[in-house]
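One point on numbering: in numbering that gives the first Met the number 0, the residue at position 280 of the sequence shown is 279, and numbering is uninterrupted.
Note that CB positions come from ideal geometry on N, CA and C, so glycine has one too.
Since this is a predicted model, take the numbers as computed values, not measurements.
Take a look at the structure set out below.
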Amino acid sequence: MEEENDSQRLFSPFAIGAVVGGRYRIAGILGRGGMGVVYAADDLKLASKLRAIKVILPLPAGAGSYAEEASMMMKMNHPQLPLIMDYFAPEEHGFEALVMEYIDGRTVAELFGSIHAGLTFRQIIHIGLQLCAALIHLHGHSPPIIHRDLKPTNVMIDHKWQVKLIDFGISRHFKEGQQRDTAQLGTVGFAAPEQEGAGQSDERTDIYGLGALLFYMASGGAIYQQAVASRGERAALAQLQPDIPTAFIAVIQRLLQPDPKLRYHTMLEVQEVLKPYAPNQMVSSEENNEAPYNENSRTRGMNICLLSLAPGAGSTFLAHTLAVLLGQQGTAVSAAEYEHARPEWHAWLSGQKRAKNSRWKETRALDQRYVNYMQDKSFVSWFTLRSEGYPTPALDEQRFNKMLHHAGSLINLIDLSGKWNEPDALAQMRQARFIFAVGDPAVAKWQAAELRQLVTLKRELHPNGGKIYFIANKDMAFRGRNEWLSLFPEGPHAIVPKLPDETLLTLQWNGVWAADDLRLRKRLSQALMPIFKLIYNEINTE
């Protein structure tokens with residue numbers, strides 16, 4: 000069974016910026032797995048079009064190579080299978096590499112990490128039918144190609160809800176007359192019993208894997224345990240969500256039979272069993288290669304921009320505070336500083352990493368200008384500009400947006416600070432659902448022309464659903480308070496009190512967020528409640 004060791008986790012054969020095969024420039028790491036690492040790369044021969052490069056861990060001496068599988072995959076042409084366009088043999092770099100299309104989407108595992116409501120039964124059937132189509136194509140080869148590793152991380156869904164079955168690292172041809180597989184491979188919870196040495200894997204192995212995957216999606220992310228099922232199927236299937244029809248439970252039970260003879264015999268048979276559960280428009284849209292869900296679905300993430308009306312107004316502080324408070328409520332958030340900002344967030348995050356009992360993971364982001372930080376058991380993914388800067392020749396202008404989309408969070412918070420009237424920042428604001436403009440009592444720094452610009456932008460955004468709200472920050476009792484609040488182009492939607500500077504500095508030097516302090520969290524949560532209501536109302540109506 001699959002198990003990742005330290006050498007696999009550290010396997011990073013290419014540096015960011017390296018050019019592979021004279022054509023593909025490494026842009027970042029998309030992910031790691033038991034078989035190797037996957038990079039994002041710019042195709043220098045095709046206007047820096049983004050590709051994915053899977054570099055496979057070196058095989059033991061005498062174990063052969065993946066050349067045959069690479070050749071097999073490059074000949075495939077199916078909408079539910081990734082397009083493989085290049086292959087590098089181990090003689091070229093010391094390890095093998097596959098170049099394939101970059102899929103702008105997320106895996107089923109990532110969906111369950113960011114959509115806490117899970118998937119509906121309709122969505123599950125939509126995914127299942129597309130997987131059936133891919134597997135029917137594979138099994139239709141002579142001899143049949145068995146995937147053998149159906150699991151949540153190997154199924155990707157793009158923003159149009161088109162499914163791609165990825166990672167053929169342990170796929171194999173069925174060998175007539177062979178009694179058992181030569182190696183026991185697969186993933187615990189998704190591998191069929193015959194993959195553990197009980198017989199040779201065939202089409203029915205993938206039928207079991209599809210059943211385990213459907214169970215995972217239908218149970219809100221639970222892994223099917225054959226041992227539990229053997230003691231009583233009722234206990235094993237009790238985890239299924241309420242919208243799963245009773246008749247469909249029998250389908251899952253047959254898919255997951257430990258004896259291959261008792262499962263469905265072919266994937267075509269499975270497809271015919273699933274079709275009646277799909278609404279008519281879903282089946283027809285799949286046949287026409289159209290999406291049953293629009294691009295504004297929750298899987299794309301809602302962009303929220305924060306800006307400061309003047310230097311020091313506090314958009315960065317409020318971006319951090321909103322991210323932490325939303326994360327504490329279990330909402331998946333990606334928080335990023337603006338791509339053309341002066342790098343500052345790395346200093347904040349460095350303090351957090353130094354804090355006592357703090358467990359942080361630091362990884363390279365898809366956009367090579369950024370570092371991604373995430374704390375253990377946290378729902379917030381932080382994207383900070385590299386403090387040393389990064390050269391950006393021929394940079395894909397959409398790389399920042401692709402980085403946030405790849406993170407797969409429900410909400411993307413972008414701190415524009417005082418750079419908001421730059422062309423790229425205005426482009427971000429035009430794509431945002433909400434813009435929060437932050438102003439403090441230092442009105443001498445405000446610019447009347449910029450306030451008029453925001454009012455014009457507010458009218459421009461309205462037809463597309465974008466909205467601008469104002470936040471009064473650092474509120475306190477002083478003689479001109481009412482006049483200050485009246486100077487906002489419209490009444491502030493939230494008023495945040497000024498917090499003691501000495502307290503904030505002490506927390507910052509101790510590597511603690513203001514929202515982590517119990518007393519401050521209560522005050523900040525109360526002050527920002529109107530903002531939370533806006534965000535959650537929007538999420539719940541999408």
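Residue i (DSSP reduced to helix, strand or coil)
| i | result |
| --- | --- |
| Ile-359 | Sequence inspection shows Trp at residue 359; the Ile mentioned does not correspond to that position. Strand. |
| Ile-530 | helix |
| Phe-10 | coil |
| Trp-483 | helix |
| Leu-523 | helix |
| Phe-433 | strand |
| Pro-496 | strand |
| Phe-87 | strand |
| Leu-43 | coil |
| Val-282 | Residue placement at Val-282 is poorly supported in this model, since its pLDDT is 39, which falls under 50; the coordinates still yield a value, given next. Note: Val-282 maps to helix in three-state DSSP. |
| Asp-516 | coil |
| Glu-343 | coil |
| Arg-262 | coil |
| Tyr-101 | coil |
| Phe-378 | coil |
| Tyr-468 | strand |
| Val-269 | helix |
Cβ distance (whole Å) where residue i is taken to contact residue j below 8 angstroms
| i | j | result |
| --- | --- | --- |
| Thr-362 | Ile-28 | 7 angstroms |
| Ala-211 | Phe-247 | Contact doesn't hold; Cβ gap of about 15 angstroms is too wide. |
| Met-216 | Ile-145 | Actually they are not in contact, since the Cβ atoms of Met-216 and Ile-145 sit about 22 angstroms apart, beyond 8 angstroms. |
| Asn-400 | Ile-303 | 14 angstroms between Cβ atoms; not a contact. |
| Asn-420 | Ala-312 | Incorrect: roughly 14 angstroms between the Cβ atoms, too far for contact. |
| Ala-96 | Ile-165 | At roughly 15 angstroms, the Cβ-Cβ gap does not stay under 8 angstroms, so Ala-96 and Ile-165 are not in contact. |
| Asp-366 | Arg-398 | 4 angstroms |
| Tyr-372 | Leu-348 | 5 angstroms |
| His-125 | Ala-277 | 7 angstroms |
Cβ pair residue i, residue j closer than 9 angstroms
| i | j | result |
| --- | --- | --- |
| Lys-163 | Ile-156 | yes |
| Lys-466 | Arg-432 | yes |
| Leu-305 | Val-437 | yes |
| Phe-382 | Ala-364 | yes |
| Trp-508 | Val-442 | no |
| Arg-24 | Ala-46 | no |
| Ala-514 | Gln-327 | yes |
| Val-323 | Ser-408 | no |
| Gly-300 | Ala-406 | yes |
| Ala-318 | Ile-413 | yes |
| Phe-214 | Leu-255 | yes |
| Met-84 | Arg-50 | yes |
| Leu-273 | Gly-127 | yes |
| Gly-219 | Phe-94 | no |
| Gln-225 | Pro-275 | no |
| Pro-310 | Gly-417 | yes |
| Ile-534 | Leu-325 | yes |
| Pro-57 | Val-36 | no |
| His-345 | Ser-380 | no |
| Tyr-337 | Gln-427 | yes |
| Pro-496 | Asp-516 | no |
| His-492 | Pro-529 | yes |
Closest residue to residue i among the options (Cα-Cα distance)
| i | options | result |
| --- | --- | --- |
| Leu-527 | Ile-470, Asn-509, Asp-500 | Ile-470 |
| Leu-308 | Leu-415, Asn-371, Arg-398, Leu-533 | Leu-415 |
| Lys-542 | Val-19, Leu-56, Pro-57 | Residue coverage of the chain in this structure runs from 0 to 541, which leaves residue 542 outside it and unanswerable. |
| Trp-160 | Cys-131, Ala-133, Arg-105 | Arg-105 |
| Cys-131 | Lys-48, Gln-79, Tyr-38 | Gln-79 |
| Ile-222 | Glu-195, Pro-244, Thr-186, Asp-242 | Thr-186 |
| Ala-14 | Thr-152, Ile-538, Leu-254, Val-54 | Val-54 |
| Pro-142 | Ser-200, Gln-129, Phe-94, Thr-152 | Ser-200 |
| His-138 | Arg-203, Val-370, Gln-374, Gly-464 | Arg-203 |
| Gly-21 | Phe-10, Phe-87, Met-73, Ile-534 | Phe-87 |
| Asp-242 | Leu-118, Leu-134, Asn-371, Pro-57 | Leu-118 |
| Met-99 | Leu-348, Leu-533, Leu-504, Leu-82 | Leu-82 |
| Pro-244 | Asp-366, Arg-121, Arg-341, Gln-129 | Arg-121 |
| Pro-488 | Arg-478, Trp-445, Leu-503 | Trp-445 |
| Gln-270 | Glu-109, Pro-496, Pro-257, Asp-205 | Asp-205 |
| Leu-267 | Gln-374, Met-75, His-136 | His-136 |
| His-158 | Val-107, Asp-148, Thr-152 | Val-107 |
| Thr-315 | Ala-334, Tyr-38, Gln-374 | Ala-334 |
Beta bridge counterpart(s) of residue i as assigned by DSSP
| i | result |
| --- | --- |
| Thr-383 | Val-370 |
| Val-37 | Gly-30, Lys-53 |
| Asp-423 | DSSP lists no partner for Asp-423. |
| Asn-302 | Asn-411 |
| Val-154 | Leu-164 |
| Glu-95 | Ile-55 |
| Thr-106 | Met-155 |
| Arg-24 | Val-18, Asp-41 |
| Asp-474 | Pro-496 |
Closer than 9 angstroms to chain D by CB, residue i
| i | result |
| --- | --- |
| Ser-524 | In the displayed structure, chain D is absent; only one protein chain is listed. |
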